[in-house]
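Engineer: Mapping of the sequence shown onto the working numbering: position 270 corresponds to residue 270, and the numbering continues sequentially without gaps. First the structure, then my questions, so here it is.
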Amino acid sequence: MTTRLLVLGGSDFLGRAVVDDALARGWDVTVLNRGTRPAPDGVTSLVGDRTRADGLDALRSDDVAQKWDVVVDTWSWGPAAVRDAARLLAGRVPGDSRYVYVSSRSVYRPWPPRGADESAPLVDGDPDEEAYDDYARAKRGAEIAAVEALGDRALLLRAGLILGPRENVGRLPWWLRRVAQGGPVLAPGPAELPLQLVDARDLAAFALDAAITGASGPVDVVSAPGHATMRELLSACVAVTADAAAAAGNPPAELVWVGPETVLEAGIAPWTQLPVWIPPGELHDALHGSDTSLAFGLGLRTRDVRETVHDTWAWLQELDEHGETPPRREDRPGVGLPRDLEERALRAAGVDPDGAAPPVGDAGGSRVGFTA
């Protein structure tokens, strides 16, 4: 019997990865979203705006008679929308079905120590909140809403840093675009700083696998600690963009590793102006030191960061060929480093932003060049 999937969302980034994975499995896929983008071939598309009182009417229609085996909800705004969907679907899905809510590790009370797992203390949340003022509180409120409506049929995936093709925050796309411009590139150190991340396609596959095997409750979904480093991430960016940079007449990219103190003293904001990067310390431990043994015990598989980088660059190039721009989330500020701040940090490290070598004996940036 064909597995029936409903995706609340399904047009952007993670939601689209879920749809693509399910189609590849031969599942019967339905999506509910605002209909701003065409659904892939073979998908039943229902239109609804969950910020409106009538946003779920398409699910109430007599024409929608099927009972879904798996529901995946990627909602990130006011938790009342998850409450309403979960309550409605509680009576429209079989007793052994799963409602998969994609939450975030942001629901943990700041800041969980390195090695924390799903038992770490949580922020407060209100499932009845309509507003979206605090990301962590909204995600936690949505978790509560799902559990209150569906009990142990709710599977809460607390995702870490999500990267990959169709990314709509702009973190990895910014690095790829910047590196493709060539020349000295500010690389925030230390170079061996460990990262935890998850490719959206791996998260999507895990969501479906875990749902059909009956998993429930909270699961932290991100790679194992040390799955990648800043050096591996940025070196992969240099490698995949080298041909395009050369074709554009840009000089080869040269990663200039600069210590965190110098970066911060230049007035650069971690995470937003230098996407992905958080300097060593309590916050880095919280974001990149999660115990993910539960997820891996349930079958999580994570691909090499080089594959994530390669495929994201291929997607960006495809957009360029069609004159399209990457999607951007409405609720997230833009990311990326202004050129003047990058130049300030490079000069502070003794490196000429135009490419001249640092003075002899200078103890500033550590340069590593890549031309292929």
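Just so you know, even glycine gets a beta-carbon here, dropped at the ideal spot from N, CA and C.
1) Taking Cβ to Cβ, would you say THR74 is nearer than 8 Å to LEU155?
2) By the DSSP assignment, the alpha helix (DSSP H) with VAL222 in it spans what residues?
3) Which partner residues does TYR101 have in the DSSP bridge list?
4) Would you tell me roughly how many angstroms separate the C-alpha atoms of PRO353 and PRO251, rounded to the nearest one?
5) What are the boundary residues of the alpha helix (DSSP H) that GLY297 is part of?
6) With the cut-off set at 8 Å, would you say ALA239 and LEU197 are in Cβ contact?
7) Give the secondary structure of ASP352 by DSSP, where H, G and I count as helix, E and B as strand, and everything else as coil.
8) For ALA228, list the residues DSSP reports as bridge partners.
9) Rounded to whole angstroms, how far is the Cβ of VAL258 from the Cβ of ALA349, which I believe are closer than 8 Å?
10) Pick helix, strand or coil for PRO270, following the three-state DSSP scheme.
11) Is the shortest distance between the beta-carbon of GLU307 and the beta-carbons of chain D less than 8 Å?
12) Cα-Cα, which of ALA180, PRO326 and ALA215 is closest to ALA245?
13) Measure the alpha-carbon distance for LEU264 versus PRO184 and round it to whole angstroms.
14) Can you tell me whether GLY78 is buried or exposed? The criterion is at least 16 other CB atoms within 10 Å of its CB, across all chains shown.
15) Extract the residue ranges of the alpha helix (DSSP H) inside the stretch 95-140, only unbroken runs of 4 or more that lie entirely within it.
16) What residue range is occupied by the uninterrupted beta strand (DSSP E) comprising ASP28?
17) To the nearest angstrom, how far is the alpha carbon of VAL335 from that of ASP49?
18) Tell me the DSSP bridge mates of ARG4?
19) Which residue wins for smallest C-alpha separation from ALA191, given the options GLY160, ILE212, MET230 and ARG25?
20) Under 8 Å, with one C-beta from each stretch per pair, do the stretch 295-305 and the stretch 206-224 reach the 3-pair mark?
21) Could you tell me which residues DSSP pairs with LEU46 in its beta bridges?
22) I need the straight-line Cα distance from GLY164 to VAL219, nearest angstrom please.
23) How would you write the range of the alpha helix (DSSP H) that VAL309 sits in, first residue to last?
24) Would you call VAL147 buried or exposed, if buried means 16 or more other Cβ atoms sit within 10 Å of its Cβ?
25) According to the neighbour-count rule (16 or more other Cβ atoms, all chains shown, within 10 Å of its Cβ), is ARG339 buried or exposed?
26) Got a sec, what are the start and stop residues for the alpha helix (DSSP H) ILE278 sits in?
Structural biologist: The answer reads as follows:
1) Taking C-beta atoms as the reference points, THR74 and LEU155 fail to come closer than 8 Å.
2) Looking at the DSSP string, VAL222 is not in any alpha helix (DSSP H), and its letter there is neither H nor E.
3) Bridge partners of TYR101 according to DSSP: ASP73 and LEU156.
4) Near 12 Å, if we compare the C-alpha coordinates of PRO251 and PRO353.
5) Its alpha helix (DSSP H) spans residues 293-297.
6) No, the pair does not count as a contact, with Cβ atoms beyond the cut-off.
7) Annotated three-state conformation of ASP352 is coil, per DSSP.
8) In DSSP, ALA228 forms a bridge with LEU195.
9) VAL258 to ALA349, Cβ: 5 Å. Contact.
10) In the three-state reduction of the DSSP assignment, PRO270 falls in the strand class.
11) Any reference to chain D falls outside this structure, which holds one protein chain only.
12) Each of ALA180, PRO326 and ALA215 was checked against the Cα of ALA245, and the nearest Cα belongs to ALA180.
13) In a straight line, the C-alpha of LEU264 is about 18 Å away from that of PRO184.
14) The Cβ neighbour count for GLY78, taken over all protein chains shown within 10 Å, is at least 16; the residue is labelled buried.
15) Under the rule that a run must span 4 or more residues, no alpha helix (DSSP H) segment is found entirely inside the stretch 95-140.
16) Counting along the chain, the beta strand (DSSP E) containing ASP28 begins and ends at 28-33.
17) Between VAL335 and ASP49, the C-alpha separation is close to 27 Å.
18) In the DSSP output, where bridge partners are listed per residue, ARG4 has ASP28.
19) Out of GLY160, ILE212, MET230 and ARG25, MET230 has the C-alpha closest to the C-alpha of ALA191.
20) Flag = yes, the stretch 295-305 and the stretch 206-224 touch.
21) According to DSSP, which records beta bridges pairwise, LEU46 is partnered with LEU32.
22) Computed Cα separation, rounded: 21 Å.
23) Element bounds for VAL309: 305-321.
24) Its Cβ being crowded by 16 or more others within 10 Å, VAL147 is buried.
25) With fewer than 16 Cβ atoms within 10 Å of its Cβ, ARG339 is classed as exposed.
26) Bounds of any alpha helix (DSSP H) do not take in ILE278, whose DSSP letter is neither H nor E.
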